[in-house]
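Input: a single structure, listed below in structure tokens.
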Amino acid sequence: MEPLVESTDYGKDEAKSLLQHHARFEEIKSYSADIERLNCLAAFMTKVANQHLDDPTSTSDKQAKYLSITEANDIEVEKEILEVPELVKVEEMVEKEVIEVVEEERRILQAIGLFGYSNNDLVLKKNDTVLVLDQSNNDLWNVCAIHGSSGYFPKNRLQVTSNKVIILKKWKQ
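Residues in the sequence shown are numbered from 6 upward in steps of one, following the numbering used here.
Right, here's the structure in full:
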């Protein structure tokens, strides 16, 4: 058997491409017998339908007409038993994103503002209590006010009062 596609190119990609084309052509050729059989059945059914529409008769007459048509046209009618696949429930593994709530205890400094301070994000009055979130900068600390606003506050305007244990709830996927 000769390949359907040939080339003088010897590169890796060209060889793969030609092999894929060859496989596709072979697959198409394998269906030719089925296509031919379906064409014959379609022609036969068209003839039967046309004759049925011309002269509607009783059931026994239709069977006799069917037999006479098949004998006259020398068409072999084969009874074919097809196995129809049953629907089977298949369990599929589905990945679901599970979101866990993780509780973490953290010790956070609690401080009191010695003076009033106003920034874009943070406005505090004298003696307001804040939580110190981050002390990475020596001049400014990242603080969170009790009312929920947060921002950077000058360290020299705060007085640390105590450590507070806070339970943070974080969502992890």
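The C-beta atom is built at its ideal place from N, Cα and C for all residues, glycine as well. For clarity, every value in this text was computed on a predicted model and none was experimentally measured.
In this chain, the beta strand (DSSP E) harbouring residue 155 covers 155-159.
In this structure, DSSP gives residue 139 an extended state, which the three-state scheme calls strand.
Taken through DSSP and simplified to helix, strand or coil, residue 94 comes out as coil. Short of 7 Å from the beta carbon of residue 174, and not among the five residues preceding or following it, lie these beta carbons of its own chain, in chain order: 106 and 108.
Residue 27 has its alpha-carbon roughly 20 Å from the corresponding atom of residue 40. Residue 115 is bridged by DSSP to 136 and 167.
The residue from 133, 160, 99 and 135 with its alpha-carbon nearest to that of residue 141 is 160. Inter-residue distance for residue 110 and residue 128 is about 28 Å (C-alpha atoms, whole angstroms). Cβ contact annotation for residue 130 (same chain, cutoff 6 Å, sequence separation greater than five): 121, in chain order. Beta bridge pairing from DSSP links residue 122 with 129. According to the DSSP assignment, residue 148 belongs to the beta strand (DSSP E) that extends over 145-150.
DSSP places residue 99 in the coil class of the three-state scheme, outside both helix and strand. DSSP links residue 106 through a beta bridge to 176.
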